[in-house]
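Working notes, beginning with the structure itself.
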Amino acid sequence: MDAERFTTRAREALSGAVRHAEARENQELAPQHLLLALLDLEPGIERDALVASGVDVAALKVATEAAVDKVPTVTGATNLQPSPSRSLRDVFGAAERLAKAWGDSFVAGEHLLAAVAEVESPARVVLEQQGAPHAELVASIRKLRGSRKVDSPDAEQNYKVLEKYGRDLTALARAGKLDPVIGRDEEIRRVIQV
């Protein structure tokens, strides 16, 4: 696993997974920790893909926390640095394969989520129980991504830019949430001037 080939968001998820493992005094870093960390990130394509697959994200988070609580703990150890479990290493390998297969230069959060759903682990079982089997999740991710490629460490920030920074004036007008333009000559002149 080459951390330099991970996007900023994917690295945040890995850091969050380590924090979850350390907080629970887990010796091994498991896919459950990674799934929980992905759910803790700001809403993005991972959460959108889960919702598109028909998953209740809050229920998924509760089920994932229950799965994380079942990971064996070590008490009394100081400076415990959890090591990746075999299944988590398999997740990283699957994520790198997915990134390569999709023509991406970097491993992103959606690759990690799809890999968690692919590799045999308690996290995969949780995803399947909550209604997000691997094939359906991958289909949702591919549909949401469209033709975009992950070609930089910050590529995930480019998803849904218009929705993030713009407003749909047509939808606002249909909903009656825009102020009338009649009687606003000065404002109209100023808009035309600008």
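Per our numbering, residue 36 is the first one in the sequence shown, and the count goes up by one each step. Built from N, CA and C at the ideal position, the CB exists for glycine as well. Bear in mind the structure is a predicted one, so any value in this text is a computation, not a measurement.
Exposed is the label assigned to V109, since fewer than 16 other Cβ atoms lie within 10 Å of its Cβ. Apart from sequence neighbours up to five positions away, the residues of its chain that approach D139 with a beta-carbon distance below 6 Å are K184 and V185, ordered along the chain. With 16 or more other Cβ atoms from the protein chains shown falling within 10 Å of its own Cβ, Q165 counts as buried.
The beta-carbon distance between T99 and L70, rounded to whole angstroms, is 5 Å. This is short enough to meet the 8 Å contact definition.
Here DSSP, grouped into helix, strand and coil, assigns F127 to helix.
In this structure A158 is in contact with P66, their Cβ atoms being roughly 4 Å apart against a cut-off of 8 Å.
Under the DSSP assignment, P107 falls outside any alpha helix (DSSP H); it carries neither an H nor an E label. Taking the Cα of H68 as reference, the smallest distance to any Cα among H55, P78 and E77 is reached at H55. Fully enclosed alpha helix (DSSP H) runs of no fewer than 4 residues occupy 121-136, 144-153 and 157-164 of the segment 120-164, in order along the chain. Per the C-alpha coordinates, the member of W137, V103, K105 and V154 positioned closest to G128 is V154.
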